[in-house]
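Student: Below: one structure in structure tokens.
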Amino acid sequence: MSTVLIIDDDEQFNLMLKSAMEIKGYDVETAVNGKEAKALYQNKKYDVIITDIIMPDVDGYEVILDLRRMGMSGRTIAVSGGGRTAADDYLITAQHFDVAATFNKPVDLQALRAKVEEIIQNNP
């Protein structure tokens with residue numbers, strides 16, 4: 138079974154995405170910030186990691202850079218609803234870190250699930 142890690146400080150968003158992924162048969166874990174996520178992905182391999190950008194403690198950029206050092210940027214999806222600037226500003230920066238895809242919130246679940254499946258198929 139393919140595994141997905143969702144990292145977002147919005148617990149409702151985590152639950153919504155978790156349900157959407159579990160319906161498709163994925164084993165899903167969630168974290169509410171990058172610090173919690175790091176403890177998970179350093180001890181377990183995930184097929185896909187979906188991370189928000191703006192989070193307390195350790196933000197999504199730090200997570201993405203850490204995953205990039207681990208050779209996992211091709212399995213990483215960045216999402217953002219914006220913050221001090223528009224979501225696109227954050228996502229454009231994330232693209233420079235070689236993430237597999239970026240999505241604005243609210244996320245198009247069908248497109249996100251299709252991208253997750255594509256990543257899994259391209260990274261056995």
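Under my numbering, think of the first position of the sequence shown as 138, with each following residue one higher. Where is the CB? At the ideal position from N, CA and C, for every residue including glycine.
1) Exposed or buried, A248, counting other C-beta atoms within 10 Å across all chains shown (16 or more means buried)?
2) Between V200 and V141, is the Cβ-Cβ spacing less than 9 Å?
3) For I257, collect the residues of the same chain with a Cβ closer than 7 Å to its Cβ; drop the 5 residues on either side in sequence, then sort them by chain order.
4) Within the continuous alpha helix (DSSP H) that includes F234, where are the two ends?
5) With a cut-off of 8 Å on the beta carbons, I'd call T213 and V236 a contact; round off their distance for me.
6) If we ignore side chains and look at the alpha-carbon of each, how far apart do F240 and M158 end up?
7) Give the secondary structure of D164 by DSSP, where H, G and I count as helix, E and B as strand, and everything else as coil.
8) Let me know the beta strand (DSSP E) ranges lying completely inside the stretch 152–207, each 3 residues or longer, listed in chain order.
9) To which residues does DSSP link S217 through a beta bridge?
10) Got a sec? Which residues, its chain only, sit under 8 Å from K175 by beta carbon, not counting five neighbours each side?
11) On a Cα-Cα basis, can you pick out the residue from K161, V165 and L228 that is closest to K182?
Tutor: Checking against the coordinates, here is how it stands:
1) Start at 1 with the first residue of the sequence shown, and residue 248 comes out as number 111. Under this definition A248 is an exposed residue.
2) Walking along the sequence shown from the start, residue 200 turns up at place 63. Walking along the sequence shown from the start, residue 141 turns up at place 4. No, these two residues do not count as a Cβ contact at 9 Å.
3) Within the sequence shown, numbered from 1, the residue matching residue 257 stands at position 120. For I257, where only same-chain residues beyond five positions count, the Cβ hits under 7 Å are S139, D184 and V185.
4) Here residue 234 refers to the residue found at position 97 of the sequence shown. Neither: F234 is in no alpha helix (DSSP H) and is coded neither H nor E.
5) Residue 213 sits at position 76 when you count from the first residue of the sequence shown. Residue 236 sits at position 99 when you count from the first residue of the sequence shown. With 8 Å as the limit, T213 and V236 qualify as a contact, their Cβ atoms being about 5 Å apart.
6) For the purposes of this step, residue 240 is identified with residue 103 of the sequence shown, where counting begins at 1. For the purposes of this step, residue 158 is identified with residue 21 of the sequence shown, where counting begins at 1. Going by the C-alpha atoms only, they are around 16 Å apart.
7) If you number the sequence shown from 1, residue 164 lands on position 27. Note: D164 maps to strand in three-state DSSP.
8) 164–168 and 185–189
9) The residue given as residue 217 occupies position 80 in the sequence shown. S217 pairs with N241.
10) The residue given as residue 175 occupies position 38 in the sequence shown. Same-chain partners within the cutoff: V195, V200 and D203.
11) As a working note, residue 182 is residue 45 in the sequence shown. Per the Cα distances, V165.
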